[in-house]
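The structure appears right after this line, and notes come after that.
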Amino acid sequence: MSKGTVVKVDRVKPFIRTFPTGEYHSRMLIDVYNSGSEKIQVNHGLLKPGCHIPNAAHELYDELYIIFSGNAILNLDD
Numbered sequence: 000m001s002k003g004t005v006v007k008v009d010r011v012k013p014f015i016r017t018f019p020t021g022e023y024h025s026r027m028l029i030d031v032y033n034s035g036s037e038k039i040q041v042n043h044g045l046l047k048p049g050c051h052i053p054n055a056a057h058e059l060y061d062e063l064y065i066i067f068s069g070n071a072i073l074n075l076d077d
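Going letter by letter, the sequence shown gives residues 0 to 77 in numbering that gives the first Met the number 0.
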């Protein structure tokens, strides 16, 4: 894709990871491969209610979480 491409969430095939508490659906919307962005990545992640992802910390970059509906608990530093 060229720079400035609009990536629609429903057109990106998700990477699905299954945990004992549910599934995590991850879609990479913006990165160096699909839009030429070398300094930012935008990932659309979907967790079903009650799903817990163990050891999901990323220490090499900042992360921003936006909750569109419902409630969430985010544990930082353990």
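Even for Gly, the Cβ is constructed at its ideal location relative to N, Cα and C.
Chain-order list of residues whose beta-carbon lies under 8 angstroms from that of residue i (same chain, five-residue window excluded)
i	result
T20	G49, C50, H51
K47	G21, E22
Per DSSP, cross-strand counterpart(s) of residue i
i	result
I66	Per DSSP, none; premise fails for I66.
T17	E22
Own chain partners of residue i with C-beta closer than 6 angstroms, once the 5 adjacent residues on each side are dropped
i	result
E37	V31
Identity of the residue in the options nearest residue i by Cα
i	options	result
E58	L28, S25, L75	L75
V41	N54, M27, F14	M27
G69	L45, A56, R10	L45
F67	Y60, H43, D61	H43
P53	Y60, K12, R16, R10	R16
Cβ neighbours of residue i in the same chain (closer than 7 angstroms, five flanking residues each side left out)
i	result
Y64	L73
Whole-number beta carbon distance between residue j and residue i, since they are thought to touch under 8 angstroms
i	j	result
V6	I29	6 angstroms
S25	F14	5 angstroms
Pick out the complete beta strand (DSSP E) segments inside the segment 23-50, 3 residues or longer, and give them in chain order. 41-46
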